[in-house]
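Novice: Got a structure for you, questions after.
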Amino acid sequence: MTGAARQGGRYDVAVVGGGHNGLVAAALAARAGRSVVLLEAGERLGGMATLGPRSPGSDGGFDSAGAAHLVDGLSPALVQGLELHRHGLEFAVATMDDVALLPGGELLVVSGRDAETTRRSIGRFSPRDAERFPAFEARLARLADALAPFLDRVPPTLKFQDWAERLEYLRLGWAMRRLGRKDMRDLLRIIGMNAADLTEEVFETDALKGLIGFDAVLGNRFGPRSPNTVYTLLQRKSGTIAGRRGAAALPKGGPAALIAALERAARAAGVEIRTGARVAQVLVDNGRVNGLALADGSEIDCRTVLSSAHPRTTLLDLVGVRQLDADLVRSLRHARGEGGTAKVWLRLGAVPDFGLSAGDLGRSRLVFAPDLGFVERGHDAAKYGELPDRLAMEITLPGLADAHQLGSGQKPILSATLANVPYRLRNRDDGALKQALIQRTTAALADLAPGLAETIEAVEALTPKQVEAATGAPGGHWHHLETGLDQTYLLRPAPGLAQYATPIQGLWLCGAGSHPGGGLTGRPGANAARAALAATRARR
Amino acid sequence: MSDSPIIGGGAMLQPTPFHRRTAALNLVNAWERWQGHTTVTTFLSPEDEYFATRTAASLYDVSPMLKYRIAGPDAEAMLDRLMTRDVTKLKPGRALYGPWCDGRGRVIEEGTLFRESAASFRLNAAEPQLFWLEDCAYGFDVTVEEVTDAIAGLALQGPLAKRVLEDIGLGEAARLPFFGLGRFGFEGGEIEISRTGFTGDLGFELWIAPERAETLWDRLMAVADRHYLRPMGSQALNTLRIEAGHILINVEYVGANHALRESQMRTPDDLGLGWAVDPKKPGYFNGRRAIEAERAAGGPRRRLVGLDIEGRKPAHAAYLYAGRREVGQVTSACWSPVLKRNIALATVEAGYAEPGRKLKADVYYVKEVTQGRVEAAATVVEPRFYQPAHRRG
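What follows is the structure, encoded as structure tokens:
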């Protein structure tokens, strides 16, 4: 390759994709002394996190809104390592309260801060459940604790070949052993179970079971009666934010502010960030990365590429099947990752009446999933390609806790994340889906918050197909690939790819499709960067 | 439901397009199953059928062989990614033999690839491959179609095979080069003929539409007595292919997509097919990284070898010893009539695989109604026991 053809510049490391995992990987590589360029195809950074409702022609005034509205598993090691607080990351609410909305205006509160509030709230439905809840929470926390260390670690292979790998298995074994016999037995019994069966063993209150069942499935194409949803629940609980395991936090300025902090951290470390730079091809020479070809015809000269794009995009499109083994191509094609989650945003003329004060509303993650059957029936519809008549959803009103997140005219924005919205919809195109999402969301909210409908000033929606189109992630799934047991840890994104390395030497996967999955955790990006840096150090 | 009766848990085996002719000649009524078809084990005397092939010519019905047509603008690229040999070098009108592997470099199968035209190939295989071929076709502009039942196949093998072809008006085909392939006019229609075979002898394989199979058979058999052309069954073929050193799936190895145990899977180097892996071919092929890694790490752990065994008792499934250490096992064995040697194909640990190595074979044999056992000296040799010059001539 001649120098003239490589006008894109020469770097030690190129990172594909400017989502939060790409930013994390780029920042870590730069801090390790590598020259790094980050290439984002779009004009904005942040990937799915900041993918907003600013559709062409929209004047909704939703500037601060993004597809993500909370942060629930950001790696503490990363916050510290990248000095994100110094770069501007602050939390408006460190620990959100969970509030289950019920038809008729009743509420069930699981407070992130005050156990007594929780006890009293559940007690109004069932004194027995109120009594059992702390033990249940502690039980999940213990089990989640055992899984947590592995979120920040590179999964071992199944070859048991070198000592580092054996050590990793020992570590895994030790984490299980440390649980003690009783908890270990408990974990083995429940990890493959469905969340509905587990909650029904313990609780009698529909609202509580619905809340837990919803949390177990949100983001994946599962219902609470789908197998191994206890595992997905535990995985959700294993993240730590602002020092609390399993909690969700509201960043000041929203997820866009987290992205901005990551961008500052990356730039401070020396990362060159290019937007509007679409990667067309990973150049491979004799099985090794030999640079990147960009859509504009220029080439980047580099030997290490970290790609935060979907694993299928990275390998099947950017590398191409001709460089890969057909069985690997098959595993990648079969990896499940059709999105099942959508967004609706409403700009409201007034603070809605959910039976909470404006201050409490700002601090609350409202969940409308009044019972397990409600969520499961939604999943039933979705799995047959139908949009459920009644949508289970998670709602925040971040502007009520953080004025930076008010919409235009200082009006509160209601951000709803909708479960069970099928990517592959029968008899309905995406435009009709968008209208139906808006109509069904506003109808549900009109029931839950009297008078809300009359205050709606603007609405927007985001479907899985739009997420796909905007991010290039096939399926538009917020984890890229589902996080069921069959697509987790050693098996994520596909057998043989779990160590972030690919068959192409120098090419690493650093996005949500890799362990431990999506969500604003930064962990796939960090783990992949560590693995790639260790490998290049070894070769130097 | 189909109208074929159900016996023994499966649909009735299908007759091949040559069945009516072979059945009339199958004097001992010896049949066996082959990919859902009945084929002849022996017509009367395996020895006679064997010697016809080595000294004159024979006909063997290969119609049940699975056949796949791969066609389209990317057919060459797709097959080049499938096979370990360089398919881009295969010209239209030529065939090649070689293995194809999974991503871990383990042989799925080996077979013959015919390039019928620039953009159309036919792959012959012993085990079903449609699933794998379709997986391999993803991302390529090709169609993959199974054409097993659309093509009847007859192997004409033996030193007089050319003369037989000349006698039935196919003299042009008789001049095909080794591994050549062509289409010829025959009896008012077409026939495809390749200079290929499984016997290690001079020979051809004749491919024709099933409805014209009997015409072909009749034309050949009409000149049979002029050249001692004899129909042959699988029993004689097995001796022939062992002499030729041709491996057989499910005997020398189990295909990677079917093996239950990892230990039964084999890389090309394990099977002595290293020559059919082209390290210089520019394109990636399935298993390339794994095969190169195995080579970089010092080569395979075991190798397929030929054995020359003392005595005349075939060393079927014999364990092999170096001193007291068990180092391998025989996979195929026979007395070679043409070589007058007791030969075998075996898999042994790589450290004991160099030609000239002396091993001991633990040979069991039938002694009327009891079993006898003898410890026979076995010498490692190249597995191509019989390679007559006229094979390529």
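Taken in order, these protein sequences are the chains called E and D.
The first sequence begins at 1 in my numbering and counts up by one.
The second sequence begins at 1001 in my numbering and counts up by one.
Each residue gets a CB set at the ideal place from its N, CA and C atoms; glycine is no exception.
All figures in this text were calculated on a predicted structure; none of them were measured in a lab.
Are any of the Cβ atoms in chain E nearer than 8 Å to that of D/CYS1396?
Specialist: This structure cannot settle anything about residue 1396 of chain D, because the visible part of chain D is limited to 1001 through 1393.
Novice: Counting only C-beta atoms, is E/ASP325 closer than 8 Å to chain D at any point?
Specialist: By this cut-off, E/ASP325 is an interface position.
Novice: Could you check whether the Cβ of D/PHE1121 sits closer than 7 Å to any heavy atom belonging to the ligand NAP?
Specialist: The ligand NAP is not among the ligands present in this structure, which contains no ligands whatsoever.
Novice: Sort D/GLY1188, D/LEU1066, D/GLN1371, D/ARG1033 by Cα distance to D/ALA1125 and report the nearest one.
Specialist: Among D/GLY1188, D/LEU1066, D/GLN1371, D/ARG1033, the Cα nearest to that of D/ALA1125 is on D/LEU1066.
Novice: Looking only at its own chain, which residues have a Cβ that is under 8 Å from the Cβ of E/ALA535, when we skip the five neighbours before and after it?
Specialist: ALA501, listed in sequence order.
Novice: Quick one: complete alpha helix (DSSP H) runs, 4+ long, within the segment 1213-1272 of chain D?
Specialist: Runs found: 1213-1222, 1224-1227, 1234-1244.
Novice: Do the segment 63-81 of chain E and the segment 210-228 of chain E make contact, defined as three or more Cβ pairs closer than 8 Å?
Specialist: The segment 63-81 of chain E, when compared against the segment 210-228 of chain E, does not touch it at the 8 Å Cβ threshold.
Novice: How is D/ASN1124 classed by DSSP in three states: helix, strand or coil?
Specialist: In this structure, D/ASN1124 counts as strand in the three-state DSSP scheme.
Novice: What's the C-alpha gap between D/SER1063 and D/PRO1015?
Specialist: Distance between the alpha carbons of D/SER1063 and D/PRO1015 is about 10 Å.
Novice: Threshold first: 4 residues or longer. Then list the alpha helix (DSSP H) segments lying entirely within the segment 129-185 of chain E, N to C.
Specialist: With a minimum length of 4 residues, the continuous alpha helix (DSSP H) runs that stay inside the segment 129-185 of chain E are 163-178.
Novice: Alpha carbon to alpha carbon, how far is E/ASP114 from E/ARG244? Give it in angstroms, no decimals.
Specialist: Roughly 13 Å separates the two Cα atoms.
Novice: I'd like to know whether the C-beta of E/LEU283 is nearer than 8 Å to at least one C-beta of chain D.
Specialist: Cβ-Cβ to chain D under 8 Å: no for E/LEU283.
Novice: Which residues bound the alpha helix (DSSP H) around D/GLU1032?
Specialist: It is not in any alpha helix (DSSP H) - D/GLU1032 instead sits in the beta strand (DSSP E) that spans 1030-1034.
Novice: Taking 8 Å as the CB-CB cut-off, is E/VAL459 touching chain D?
Specialist: Cβ-Cβ to chain D under 8 Å: no for E/VAL459.
Novice: Please name the residues in the segment 320-344 of chain E whose beta-carbon is closer than 8 Å to at least one beta-carbon of chain D, in chain order.
Specialist: From the segment 320-344 of chain E, only GLY320, VAL321, ARG322, GLN323, LEU324, ASP325, ALA326, ASP327, LEU328, VAL329, ARG330, ARG333 have a Cβ closer than 8 Å to chain D.
Novice: Within a Cβ cutoff of 7 Å, which residues of the same chain sit near D/THR1196, ignoring the five residues on either side of it in sequence?
Specialist: Here the set comprises ALA1095, THR1112, PHE1179, GLU1205.
Novice: Which residue spans inside the segment 1097-1156 of chain D form an unbroken beta strand (DSSP E) run of at least 3?
Specialist: Qualifying beta strand (DSSP E) stretches, in chain order: 1107-1117, 1120-1125, 1143-1146.
Novice: So which residues of chain D does E/GLY287 contact, with C-beta pairs closer than 9 Å?
Specialist: Residues of chain D passing the Cβ test: TYR1284, ARG1288, ARG1289, GLU1292.
Novice: Just confirm the distance between the C-beta atoms of E/LEU462 and E/ALA342, as a whole number of angstroms; I'd bet it's less than 8 Å.
Specialist: Between E/ALA342 and E/LEU462 the Cβ distance is about 6 Å, and since that is below 8 Å, they are a contact.
Novice: Given D/LEU1170, which residues of its chain have a CB within under 8 Å of its CB, disregarding the five upstream and five downstream residues?
Specialist: PHE1184, PHE1186, ILE1191, ILE1193.
Novice: Give the DSSP-derived three-state secondary structure of E/ALA534 in the structure shown.
Specialist: Residue state, collapsed to three classes: helix.
Novice: Step through the CB atoms of chain D and report whether any lies within less than 8 Å of the CB of E/PRO156.
Specialist: E/PRO156 does not count as touching chain D.
Novice: Taking 6 Å as the limit between beta carbons, can you name the residues of its chain near D/VAL1374, skipping five residues before and five after?
Specialist: Excluding residues within five positions, the ones whose Cβ falls inside 6 Å are VAL1363.
Novice: Taking only beta-carbon positions, decide if E/PRO503 is within less than 8 Å of chain D.
Specialist: Answer yes: the Cβ-Cβ gap between E/PRO503 and chain D drops below 8 Å somewhere.
Novice: Got a sec: which bits of the segment 1065-1089 of chain D sit with their beta carbon under 8 Å from any beta carbon on chain E, in order along the chain?
Specialist: The residues in question are ALA1077, ARG1081, LEU1082.
Novice: Quick one: using the 10 Å Cβ neighbour count with 16 as the cut-off for buried, is D/GLY1245 buried or exposed?
Specialist: It is buried - the Cβ of D/GLY1245 has at least 16 other Cβ atoms within 10 Å.
Novice: So the candidates are D/PHE1051, D/TYR1321, D/GLY1287, D/ALA1075; which of them puts its Cα closest to the Cα of D/PRO1231?
Specialist: When only C-alpha atoms are compared, the closest one is D/PHE1051.
Novice: Might you give, ordered along the chain, the residues of its own chain that have their beta carbon closer than 8 Å to the beta carbon of E/GLU376, omitting 5 neighbours on each side?
Specialist: Answer for E/GLU376: ALA196, GLY213, GLY223, PRO224, ARG225, listed in chain order.
Novice: Please classify E/SER408: does DSSP put it in a helix, a strand, or coil?
Specialist: E/SER408: helix per DSSP, three-state reduction.
Novice: If you drop the 5 nearest sequence neighbours on each side, which residues of the same chain put their C-beta closer than 7 Å to that of E/LEU316?
Specialist: Contacts found: VAL329, LEU332.
Novice: By Cβ distance below 6 Å, which residues in the same chain neighbour E/ALA381 in space, the five residues on each side in sequence not counted?
Specialist: Hits under 6 Å: PRO388.
Novice: Quick one: does D/ASP1278 have its CB under 8 Å from some CB of chain E?
Specialist: It does not; no Cβ of chain E falls within 8 Å.
Novice: Among all the DSSP beta bridges, which residues are the ones paired with D/ASN1342?
Specialist: Answer by DSSP bridge pairing, in chain order: D/ILE1309, D/TRP1335.
Novice: What first and last residue would you give for the beta strand (DSSP E) that runs through E/MET393?
Specialist: Per DSSP, E/MET393 belongs to the beta strand (DSSP E) from 393-396.
Novice: Give the single residue among E/LEU491, E/LYS252, E/ALA293, E/ILE241 whose Cα lies nearest to the Cα of E/ALA335.
Specialist: For E/ALA335, the nearest C-alpha among the options comes from E/LEU491.
Novice: Nearest-angstrom Cα distance between D/ALA1075 and D/VAL1144?
Specialist: Roughly 9 Å between the two C-alpha positions.
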